[in-house]
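Going down the list, the sequences are from chains A and B. According to this note's numbering, the first sequence is numbered sequentially starting from 87. According to this note's numbering, the second sequence is numbered sequentially starting from 170. All C-beta atoms, glycine included, are put in the ideal place defined by N, C-alpha and C. The structure displayed is predicted, hence computed values, not measured ones.
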Amino acid sequence: MNAPVLLPHTSIRVTANDMFLPVVMTFVEQSSLALGLGKPEALKMTLASEELFLHLCRVVIPNLGMINIRCACKGHVVRSDFSFPETSLNLHAFNITASPQPLETADMDQMRLILASRSVDRLKIRRKKNLLQISLIKEKKYPQALDGQKKPYPFTCRDFAIHCPTAEELKFLALLIRSFYANNKIPRFFQYPGMLVDMIRGGDYHAIIAQGPAGEIGGGIVWHLLSDKTVEVIGPYIFGDSGSSRPVLNIAASLIEACISEVGRTSAIAMICYPPESGQYDEYFEYLGHINSYSTSGVQVQRSSWFRMIHEDFGTVVWATKDIEDFLQQTYRRLFLSRDIRKVADDGETQHAHSVLSTNIDRLRYKVSLDILWPGADIEDNLSRHLQLFQKEGIRNVIFEIDSGIAWKSAIIPCLLKNGFQPIQILPYAGDGDVILFQLFPCGP
Amino acid sequence: MKQPVSFQHLAPDYIQRFEAYIPSKPDDELKRLFGCSHLFRLNNNENPLGPCLSAARMISSFVPSQASIYPSGDCWLLRQKLAEKHGMDPNQFLFGNGANEVIAFVIKAFCQKGDNIITADKTFAVYEWVAEFSGIEARRVPLKDYGFDDDEMIRVIDDHTKILFVCNPNNPTGTYWDSGKLRGFLNRINGRRIVVVDEAYCEFVEKPDFPDSMSMIAEYPNLVVFRTFSKMHALAGLRIGYLAGSSEAVDIIRRTCVVYSVNTLAQAAALAVLEDNGEHVQQTRDLVRRQKQVLTEYLANWGLQFLSGEGNFIMIRLPMSDSLAYRRLMMQGVMIRTMTGFRFPNWIRVTIALPDAMDSFMTGLNNILKT
Ligand SMILES: Cc1ncc(COP(=O)(O)O)c(C=O)c1O
């Protein structure tokens with residue numbers, strides 16, 4: 087499952103100079119169309135690239151550095167990656183909130199990164215080796231499934247076997263999931279069967295189904311690599327009769343076991359899952375906790391997370407400040423994880439002037455995840471500028487991810503706490519070490 | 170100034186894709202980490218009785234000045250001894266730095282790009298690992314009733330299949346092919362592929378129908394047998410194992426073999442093992458038999474599913490994640506092997522050891538099953 091898939095892609099290399107704007111726009115537009123985006127989506131991607139490129143030329147890379155632009159299609163999404171060497175950058179301007187003026191008086195037009203993020207589904211900032219990369223990600227448009235009134239029959243067979251589904255079976259799986267599970271319990275892509283098929287074809291997502299002797303589908307499970315070391319499991323979804331729970335449990339267990347066995351000999355260290363129903367998973371997964379998030383209409387959605395390790399755990403180092411020591415001790419004790427907790431403290435050493443935050447805006451879920459790319463003396467101002475911006479943008483769900491395997495990242499914990507964040511969950515091995523999730527409170531309406 | 174190197178560019182795809190095995194940390198480090206005062210290693214199927222007396226004597230009488238001299242490059246004395254023991258020719262044996270190394274010899278000798286090997290999905294993983302990081306496809310046939318499925322292995326053979334690996338008895342399920350089944354399989358293969366039978370645990374088997382594979386080599390020149398001194402003979406730390414086959418097969422395999430990879434001390438200790446009177450093997454078998462009895466009764470009391478076949482280990486199915494059980498047992502000073510990596514989620518494999526270690530394991534398991 088971790089074979090590198092050679093993606094269809096296009097790329098150009100341009101000097102960071104406005105005069106190339108038409109070249110960049112034409113390149114991104116034509117690439118997006120060729121890679122499968124519809125006309126309206128390709129235009130939005132082009133718009134986002136325009137804002138991004140201008141921002142890079144005028145503010146981030148003022149001295150005519152080179153920018154690589156690569157457009158690629160991965161299953162159901164097209165992405166445009168803008169990358170450039172991290173030397174000679176105007177670091178401060180790299181933050182999504184970068185603006186020559188304080189936020190209160192800033193003209194939104196000057197905040198081109200934010201503008202760029204508005205026309206795509208996701209904007210990601212990453213630091214990769216010696217490169218910085220800003221990615222614009224746009225989903226292809228798929229027709230939403232139109233289901234008839236008639237609910238498919240529940241699965242009643244005693245015998246079933248585990249298989250990889252064909253495209254048609256995947257679509258039928260999506261239909262069953264829509265029929266047997268409430269809309270708010272299932273990921274969006276099950277509403278768009280074509281998207282599901284493309285996701286699996288793209289190679290990042292995998293699915294298996296439990297099938298009866300005549301091809302009836304009794305259940306299914308989907309998974310994908312969330313980071314280098316963590317696999318996210320989606321499901322299992324089971325379509326049995328609620329009266330006869332025995333075969334249903336068997337199907338769930340068989341699907342989970344088959345999925346774990348597949349992942350067992352890959353590079354993944356941990357699996358994380360958000361099961362659609364409670365109660366069946368403690369035999370395979372360990373409960374991490376739950377996170378409440380809010381939709382735009384103010385509806386609260388609670389999501390519980392479970393995990394399991396794939397290999398034997400030889401422990402790891404956790405860097406943290408003393409403010410969250412109790413939280414860490416309690417959580418690690420509950421999860422039976424052995425950790426070397428080491429203290430980081432601000433001992434007054436000289437810092438860079440400007441910090442850089444990476445922002446992962448998910449417009450589809452009104453969610454933003456933050457991470458720190460560079461430490462700097464202005465972290466407090468920088469963070470509060472970001473928070474004000476998200477508020478203005480109507481984004482309620484703000485999570486800060488601290489990779490506790492990297493000491494300088496953990497050093498900003500006191501600043502997070504001061505700004506209304508609280509530690510809520512630990513994702514074992516989700517980064518260099520465990521990732522500690524901090525949620526911004528209050529996050530409700 | 171340090172030159173930047175593009176390692177991604179230099180390494181072949183199949184290497185980039187391959188994930189390196191991470192061995193466990195040293196005992197002291199683990200004890201500190203898991204906060205335990207003692208540690209019973211029940212994870213590697215080692216023999217807790219240690220090597221036989223004559224090998225132990227040989228090891229303690231090792232003269233430091235011998236360390237400066239290269240060992241026998243081809244384990245000359247050991248091959249003479251084995252030849253004498255099995256009525257074969259010394260050229261029919263090839264030694265390596267553990268049986269693990271001879272796996273690599275065989276794959277390198279017979280496979281090239283485009284070829285494949287066949288093994289089971291739930292067995293010792295090194296066959297498939299060596300194949301994969303050498304750019305050779307590994308076809309994994311699902312076990313049938315926890316044993317190697319001969320029919321299916323034969324069914325997936327194609328023109329590019331070079332080697333079929335059978336782990337006999339199988340690590341981790343303890344199932345085995347008897348003489349009749351192995352013979353039947355070799356007859357059907359009819360000399361067209363190499364059949365490797367890995368007998369790492371054969372010294373633990375007391376069943377009369379277990380194949381005498383050494384004697385079958387004369388009849389089947391495509392049969393290659395692996396043996397190790399790591400398990401029953403308790404020389405795992407010295408790293409020594411070997412393969413046996415027809416002179417023609419071994420003559421090919423020898424071309425890929427790294428000479429001098431087996432050190433002097435390992436050779437001397439293994440020679441002492443081959444000259445030993447067999448009492449140590451008997452004592453170990455008695456220990457394994459008795460302790461398996463104790464453990465299986467305990468497991469039956471808890472109503473836990475288990476597989477207790479041949480070999481010095483038992484597989485147990487737990488009502489929880491095997492990796493959670495690993496961590497909770499480690500905190501109590503017991504190290505077991507999780508089986509998710511063997512594609513047996515929620516199963517663990519436990520090495521049969523001395524009563525104190527087994528008690529510790531059972532107490533530890535009580536504690537985690539109760540809460
Ligand atoms: C089936 C099997 N073959 C081979 C080996 C490798 O043995 P050695 O220590 O000789 O490399 C092992 C060790 O675990 C094993 O279980």
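Per-residue DSSP class, three states only, for residue i
| i | result |
| --- | --- |
| Ala-128 of chain A | helix |
| Leu-412 of chain B | strand |
| Asn-337 of chain B | coil |
| Thr-445 of chain A | strand |
| Asp-196 of chain B | helix |
| His-292 of chain A | strand |
| Cys-205 of chain B | coil |
| Asp-409 of chain A | helix |
| Cys-345 of chain A | helix |
| Arg-204 of chain A | helix |
| Asn-432 of chain B | coil |
| Gln-196 of chain A | Summary for Gln-196 of chain A: the model assigns pLDDT 47, below 50, so the residue's position carries little reliability; its value from the coordinates is reported in the next sentence. It is helical. |
| Glu-253 of chain B | helix |
| Pro-186 of chain A | At Pro-186 of chain A the pLDDT is 45, less than 50, meaning the model places this residue with poor confidence; the figure from the coordinates comes in the next sentence. Correct three-state label for Pro-186 of chain A: coil. |
beta-carbon residue i near ligand 1 non-hydrogen atom, thresh 7 Å
| i | result |
| --- | --- |
| Ala-405 of chain B | yes |
| Gly-401 of chain A | no |
| Cys-244 of chain B | no |
| Asp-314 of chain A | no |
| Thr-342 of chain B | no |
| Phe-293 of chain B | yes |
| Asn-214 of chain B | yes |
Residue i at chain B interface by Cβ criterion, 8 Å
| i | result |
| --- | --- |
| Asp-193 of chain A | Here Asp-193 of chain A scores only 45 on pLDDT, less than 50, and its place in the model is too uncertain to base an answer on. |
| His-397 of chain A | yes |
| Pro-188 of chain A | Residue placement at Pro-188 of chain A cannot be trusted, given a pLDDT of 46 that sits under 50; the coordinates are not used to answer. |
| Gly-289 of chain A | no |
| Glu-369 of chain A | yes |
| Arg-394 of chain A | yes |
| Ile-346 of chain A | yes |
| Leu-473 of chain A | no |
| Gly-151 of chain A | no |
| Arg-165 of chain A | no |
| Leu-423 of chain A | yes |
| Thr-96 of chain A | no |
| Ser-383 of chain A | no |
| Thr-445 of chain A | no |
| Ser-353 of chain A | yes |
| Glu-372 of chain A | yes |
| Asp-426 of chain A | yes |
| Phe-168 of chain A | no |
Bridge partner(s) assigned by DSSP for residue i
| i | result |
| --- | --- |
| Thr-101 of chain A | A:Met-152 |
| Asp-314 of chain A | DSSP lists no partner for Asp-314 of chain A. |
| Ile-326 of chain B | Per DSSP, none; premise fails for Ile-326 of chain B. |
| Met-357 of chain A | A:Val-317, A:Arg-394 |
| Phe-262 of chain B | B:Ala-413 |
| Lys-291 of chain B | Bridge partners of Lys-291 of chain B: none, in fact. |
| His-95 of chain A | A:Ala-158 |
| Arg-585 of chain B | Shown here, chain B extends from 170 to 540; a query on residue 585 of chain B therefore has no answer. |
Beta carbon proximity, residue i to chain A, threshold 8 Å
| i | result |
| --- | --- |
| Lys-200 of chain B | no |
| Lys-194 of chain B | yes |
| Phe-176 of chain B | no |
| Leu-456 of chain B | no |
| Gly-283 of chain B | no |
| Asn-340 of chain B | no |
| Glu-215 of chain B | no |
| Phe-203 of chain B | yes |
| Asn-515 of chain B | yes |
| Thr-507 of chain B | yes |
| Met-489 of chain B | yes |
| Arg-308 of chain B | no |
Task: Cβ contact (3+ pairs, closer than 8 Å) linking the stretch 307-327 of chain B and the stretch 439-455 of chain B - done: no
Open item on the list: So, does the stretch 502-509 of chain B touch the stretch 235-250 of chain B, judging by three or more C-beta pairs under 8 Å?
Closed with: no
Open item on the list: Measuring CB atoms only, is the stretch 335-351 of chain A touching the stretch 294-306 of chain A, in the sense that at least three cross pairs come out at less than 8 Å?
Closed with: yes
Task: Three CB pairs or more closer than 8 Å across the stretch 438-447 of chain B and the stretch 296-308 of chain B - done: no
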